[in-house]
Amino acid sequence: MILAVVVVAVGAVAGDYFYLNSLVHRVTVKNESVRYNNTENILLVGSTSRCVLAVQNKAYGLCSQGVTGVNSDVVMIVHLDFTAKRVTLLSIPRDVFVPNARTTGANKIDAALYQGPSQLVSAIQNDFGVPINHYIELNFDTFASVVNVLGGINMYFPMEVFDAYSGLNITRTGCQHLNGYQALQVVRARHLQIRFAGYGPNHLTWPQEGLSDLARIRRDHEFLRVVAAALKAKGLGNPVTDQQLATAIAPNLEVDSSFTLSDMLSLASNFAGVSIESVPQATMPVVLVETGSYLYQGYYYGDVEFPIGPDVTSVISRFLQLTPLANTMNGAPLPAPRRVSVSVYGGTGVAAQAPATVVALRHFGFAATLGGSLPLVGTKAETVVYHANSTSASIGMAEAVMAHLSGPVVMALGPTRGGADVTVVTGSDLAVGAAPSPVTATTHPATTTTTSTTSTPPSTSAPTTTPTVLDPTLVKHDTQFSAPTPVAQALQPWDPRSCGPNGTPGA
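In the working numbering, the protein residues as written are 20 to 526.
Here is the structure:
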């Protein structure tokens, strides 16, 4: 939805190139990938930076008073298929813990933006294998401005809710009209307290929901649908509305310098017929580390989440419209296991885990060797699959190994050890098994020529193959991980949603 608004806003002022360039801020973003299969991926980031706002707002926190943090509150990737005229969206939870978040090492993915857009792009490509072709950063004012241009939006609140951090304070139920600032409070709320039956009016006593950012993603997806419907009703493509959107949005946008005016106009013309409300919206599946603040290498990181395999790799392949045995960086087939050398190091303190992993990988054809043990980095650890460099060939070799792993597992940019192409450092709950079927695991192969404007969202069902460890007694099982979170999250009874006729909740 936001991408559609940006594109239309650009189209509205396309007749005046110099005016457009005077509004949109441009930044050099390194590490961007090359397009393939006539598709493109645009990284959309919602920044928490207060210091970039033209007009400081006490409600957001003031830069002059030390509120200077720069994080990515929202991380979404929009996949554009120019052949099929299809758009899909994937959200990455801001608290997912990844090895390359910073140049100095692991952190939450939202911390990458502190070192600039190039670092965030690098982290997403190296740790998840999702190629990024363009970058768009929005700030608080962008969301509020869109809503204000529309004259506000209507949302239905089935229960009273409160969020001390975002300022959201809904004291009555039903359909309510929100201005831009109030809508932003909904978008930012991730510490929601709910007035359930039997609780008094004092919100300090109301229970707080779990899931934090994951719950917010669920509500943000609904918010995007509500705004999309409001845009449709207002008349997206109406010259007056478009000009107002351009004037309101463009000054609050930061885009990569290679994202030219002609690129934007191409998006506007190619995807004008896409129904915004029907764009599939998926969330990267994770497991929650449910022990409070996560301790890693001597530092506490608060609540964190680990990406879970093979669910993440399956979701990413489907999101990119590839078979599960395709290289996500270039669409080519993954190398055969016999062509990939793997060194395996133990990372959990379970002495027999690394040798068992070597045996399992050899069973599936990899040239696997044992590399010994490494110092523990945390009481719960992700399995990390290191690739030597950021080339598609190197990432593809890591993905070939990832296809056989399950549990909390993630890729990372080097170093590899022992002269191997790929190094695996074992983590909690690691299992090794057969790769998924290249035929049954996707409904949208890369060569599709369908003209539909919508697509099937990534599956929320179990993988087509269940990885199994050759010796299950050697797995370090950690019962404090949650079950994998769903790819498509249903609204909860307290979540705000669209308004239906006569003040009723929408469908």
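From the three backbone atoms N, C-alpha and C, an ideal C-beta is built for every residue, glycine too. In this text, all values refer to a predicted model and were calculated from it rather than measured experimentally.
Starting from residue i, follow the alpha helix (DSSP H) in both directions and report where the run begins and ends.
i      : result
Gly415 : Ser411 to Met421
Leu250 : Asp232 to Lys253
Asn167 : Phe159 to Val168
Asn145 : Pro136 to Phe147
Arg207 : Gly199 to Arg207
When we look at the beta-carbon of residue i and count the other beta-carbons within 10 Å, is it buried (16 or more) or exposed?
i      : result
Ser288 : exposed
Thr58  : buried
Val396 : buried
Tyr313 : buried
Arg191 : exposed
Phe159 : buried
Asn119 : buried
Pro276 : A small fix is needed here, since residue 276 is Ser in this sequence, not Pro. Exposed is the call here.
Gly391 : exposed
His44  : exposed
Val365 : Contrary to the premise, residue 365 reads as Gly rather than Val in this sequence. That one is buried.
Tyr154 : buried
Thr523 : exposed
Could you give the residue range of the beta strand (DSSP E) that holds residue i?
i      : result
Ala375 : Looking at the DSSP string, Ala375 is not in any beta strand (DSSP E); the run it does join, the alpha helix (DSSP H), is Gln372 to His382.
Asp275 : Leu272 to Asp275
Gly390 : Ala386 to Ser392
Gly443 : Before going on, a small fix: residue 443 reads as Val here, not Gly. Counting along the chain, the beta strand (DSSP E) containing Val443 begins and ends at Val441 to Val444.
Arg105 : Arg105 to Ser110
Phe116 : Phe116 to Arg121
His406 : Thr402 to His406
Lys399 : Where Lys399 is concerned, there is no enclosing beta strand (DSSP E), given that its DSSP letter is neither H nor E.
Ser360 : Ser360 to Gly365
Ala502 : Where Ala502 is concerned, there is no enclosing beta strand (DSSP E), given that its DSSP letter is neither H nor E.
Ala291 : Segment: none, Ala291 is in no beta strand (DSSP E) and carries neither H nor E.
Asn126 : Gly124 to Lys127
What would DSSP say about residue i, mapped onto helix, strand or coil?
i      : result
Met430 : strand
Asp322 : coil
Ser68  : Residue confidence for Ser68 is low, a pLDDT of 46 falling below 50, so the modelled location carries little weight; the figure read from the coordinates is stated next. Three-state result, Ser68: coil.
Tyr218 : coil
Glu296 : helix
Val43  : coil
Phe338 : helix
Asp514 : coil
Met283 : helix
Ala509 : coil
Gly525 : coil
Ala453 : coil
Ser312 : coil
Ile151 : coil
Tyr184 : coil
Leu223 : helix
Ala265 : helix
Tyr133 : helix
Thr332 : helix
Ser480 : Here Ser480 scores only 38 on pLDDT, less than 50, and its place in the model should not be relied on; the value that follows carries that caveat. Ser480 falls in the coil class under three-state DSSP.
Pro356 : helix
Val97  : strand
Val305 : strand
Rounded to whole angstroms, how far is the Cβ of residue i from the Cβ of residue j, which I believe are closer than 8 Å?
i      : j      : result
Phe290 : Val305 : That pair is no contact at about 29 Å.
Tyr405 : Pro434 : 7 Å
Gln212 : His196 : Their Cβ separation, rounded to whole angstroms, is 23 Å, which puts Gln212 and His196 out of contact at 8 Å.
Cys194 : Asn173 : 6 Å
Gly446 : Val403 : 7 Å
Ala386 : Val363 : That belief does not hold up - the Cβ atoms of Ala386 and Val363 are roughly 11 Å apart, past 8 Å.
Arg113 : Asp239 : Arg113 to Asp239, Cβ: 11 Å. No contact.
Asn271 : Thr161 : 4 Å
Val140 : Glu273 : 13 Å between Cβ atoms; not a contact.
Compare the C-alpha of residue i against each of the options and name the closest.
i      : options                           : result
Arg381 : Gly446, Val451 and Asn60          : Val451
Arg251 : Gly437, Val293 and Asp282         : In the sequence as presented, Arg is not what sits at residue 251; that position holds Lys. Looking at the Cα atoms, Val293 is the closest of the given residues.
Ser336 : Pro329, Ile327, Thr347 and Gly328 : Thr347
Val308 : Leu108, Phe116 and Leu157         : Phe116
Ala417 : Leu395, Ala345, Ala202 and Thr302 : Ala345
Arg516 : Met178, Val361 and Phe162         : Met178
Pro503 : Glu228, Tyr319, Ala419 and Ile327 : Ile327
Arg436 : Ala407, Ala422 and Leu449         : Ala407
Arg237 : Leu284, Ala509 and Gly365         : Ala509
Gly426 : Pro520, Gly415 and Lys399         : Lys399
Ser411 : Phe147, Asp448, Asp322 and Ser66  : Phe147
Thr367 : Leu449, Gly525, Ala355 and Gly65  : Leu449
Tyr315 : Ile96, Gly124, Leu62 and Thr107   : Gly124
Gln300 : Val48, Ser52 and Val94            : Val94
Pro394 : Gly415, Gly438 and Val444         : Val444
Pro136 : Thr47, Phe181 and Arg244          : Thr47
Hey, does residue i have any beta-carbon neighbour from chain B nearer than 8 Å?
i      : result
Ala355 : This model lacks chain B altogether, as it is built from one protein chain only.
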